[in-house]
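Numbering (UniProt numbering), first residue to last: 1 to 312.
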C-alpha cells in the first residue's frame with residue numbers, strides 16, 4: 001500500500017472515486033472542497049495497493065507540520081469503496097503513517113464520518129485508529145431523527161406548530177439567500193459576536209454547483225421571510241446547516257412549523273434528519289437549551305468523534 005499526494009490534475013479521478021464510495025457525500029467532491037482553497041493548504045492523499053489500484057482517499061490539509069482532516073469540512077476521514085476490508089484499512093493506516101514520517105509531518109488530526117452518512121457500514125477506520133493508539137480528543141453530539149421511526153414531538157413543540165399553522169404562514173424553497181442571510185448575520189452578531197462560516201456569496205456559489213443538495217427553505221408571513229433553514233442533502237441524510245429566525249418569527253413559531261414541514265414533507269423519504277451539533281469547546285460544553293429544542297422534535301444522539309496522533 002502506498003500513499004501519494006493529490007494534485008489538481010487528479011480532480012476527475014478524485015470525484016469519480018467519491019461518487020462510487022460507500023461513505024462520502026457531495027461535500028467531498030472537489031467542487032465543494034476547493035471553493036475555499038485560499039484558506040487551506042490542501043494535502044489530500046490517494047492510497048494505491050500493490051497492483052496500483054486506487055483503494056482509498058483522505059481529504060486533508062497541512063498546517064504547521066500537522067496533517068488534518070480537511071479543515072473546511074465538517075467530516076472527512078478515509079473515503080473508501082465496497083472493496084475496503086478491515087485488514088486493508090490497517091494497511092492504509094500503515095501507509096499513512098509511513099507517508100507522514102517521510103514528509104516531516106509530526107501529527108495527525110482525524111475527523112470521522114458519522115455512521116448515518118454511510119451507504120454501507122464503514123467503521124474500519126475506527127479500529128485502525130485504535131490499533132495505532134490514536135487519542136479521542138473531541139466528541140460532538142449530533143441530534144438526529146430516524147425518519148422511518150420518528151418519535152412524537154414534544155408538547156411544547158406541538159403547541160408552537162399549531163400556533164403557526166393557524167396564521168396561514170407559507171413554507172417554500174427559495175433562492176433568496178440575501179433575505180435569509182440578513183436575519184442569520186444579525187442573530188449571530190447579536191448572540192455570539194460572529195459571522196456565518198459561509199458568506200452569502202459563497203453560499204450562492206455552492207448552491208449553483210450543487211442545486212439539488214444545497215437548498216434554502218423559508219417561512220413567510222405576508223410575503224416577508226421570518227425564518228429559514230439551509231439544508232445540505234446527501235444520499236441518506238438531510239442535514240441542517242444553518243437555522244435562523246427573526247424576532248417576529250420567534251413570536252409566532254415560524255421555525256417550529258418550518259421544521260415540521262421539512263421533517264414530514266420535504267425530507268420524509270430520507271433515512272435521517274440531522275439537526276447538527278449543540279456543542280462547544282471540543283464537545284466538553286453542551287448547549288442544553290439548543291439541544292432540548294432539537295430533541296423536542298424527536299431527535300436523539302449520534303456521536304461524531306475526532307482523533308489525534310503524534311507521529312514518532
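All C-beta atoms, glycine included, are put in the ideal place defined by N, C-alpha and C.
* **Close Cβ partners of residue 246 (< 6 Å) along its chain, the five nearest in sequence each way excluded** => In the chain shown, the residue the question calls residue 246 occupies position 246. Excluding sequence neighbours, residue 246 sits near 183 and 226.
* Asked: Can you give, in chain order, each stretch of the alpha helix (DSSP H) that sits fully within the region 160-242 and has at least 4 residues?
  -> 177-191 and 200-209
* **Of the listed residues 223, 259 and 158, nearest to residue 231 (C-alpha basis)** => The count along the chain shown starts at 1 and reaches residue 231 at position 231. Comparing Cα positions, the closest option is 259.
* According to DSSP, residues forming a beta bridge with residue 4 -> Start at 1 with the first residue of the chain shown, and residue 4 comes out as number 4. Per DSSP, 46.
* Excluding five sequence neighbours on each side, which residues of the same chain lie with their C-beta closer than 6 Å to the C-beta of residue 140? -> Looking up residue 140 in the chain shown gives position 140. Cβ within range, chain order: 277, 279, 283 and 304.
* **For residue 297 and residue 210, the rounded distance between their alpha carbons** => Working through the chain shown from its first residue, we reach residue 210 at position 210. Working through the chain shown from its first residue, we reach residue 297 at position 297. Approximately 28 Å, taken between the alpha carbons.
* Have a look at residue 13 and residue 63 and give me their C-alpha separation to the nearest angstrom. => Your numbering for residue 13 matches position 13 in the chain shown. Your numbering for residue 63 matches position 63 in the chain shown. Cα-Cα distance, rounded: 25 Å.
* **Residue(s) in a DSSP beta bridge with residue 314** => Residue 314 is absent from the structure shown; the chain starts at 1 and stops at 312.
* To do: Take residue 217 as the anchor and find which of 261, 200 and 186 has the nearest alpha-carbon.
  => Taking the first residue of the chain shown as position 1, residue 217 is located at position 217. Ranking the options by Cα distance to residue 217, first place goes to 261.
* Express the C-alpha separation of residue 288 and residue 201 in angstroms, rounding to a whole number. => Residue 201 sits at position 201 when you count from the first residue of the chain shown. Residue 288 sits at position 288 when you count from the first residue of the chain shown. C-alpha separation (whole angstroms): 32 Å.
* Asked: Would you call residue 130 buried or exposed, if buried means 16 or more other Cβ atoms sit within 10 Å of its Cβ?
  -> Numbered from its first residue, the chain shown carries residue 130 at position 130. Exposed, by the Cβ-count rule.
* Inspect the beta-carbon positions of residue 80 and residue 21 and report whether they are closer than 8 Å. => As a first step, residue 80 must be located in the chain shown, where it is residue number 80. As a first step, residue 21 must be located in the chain shown, where it is residue number 21. Yes, the pair counts as a contact, with Cβ atoms nearer than the cut-off.
* **Residue of 254, 104 and 123 minimising C-alpha distance to residue 113** => Within the chain shown, the letter at position 113 stands for residue 113. Minimum Cα distance to residue 113 is reached at 123.
* Proximity to residue 205 [Cα-Cα], best of 31, 26, 24 and 285 -> Here residue 205 refers to the residue found at position 205 of the chain shown. Answer by Cα proximity: 31.
* **Burial state of residue 41 (16 or more Cβ within 10 Å)** => In the chain shown, residue 41 corresponds to position 41, counting from 1. So residue 41 counts as exposed.
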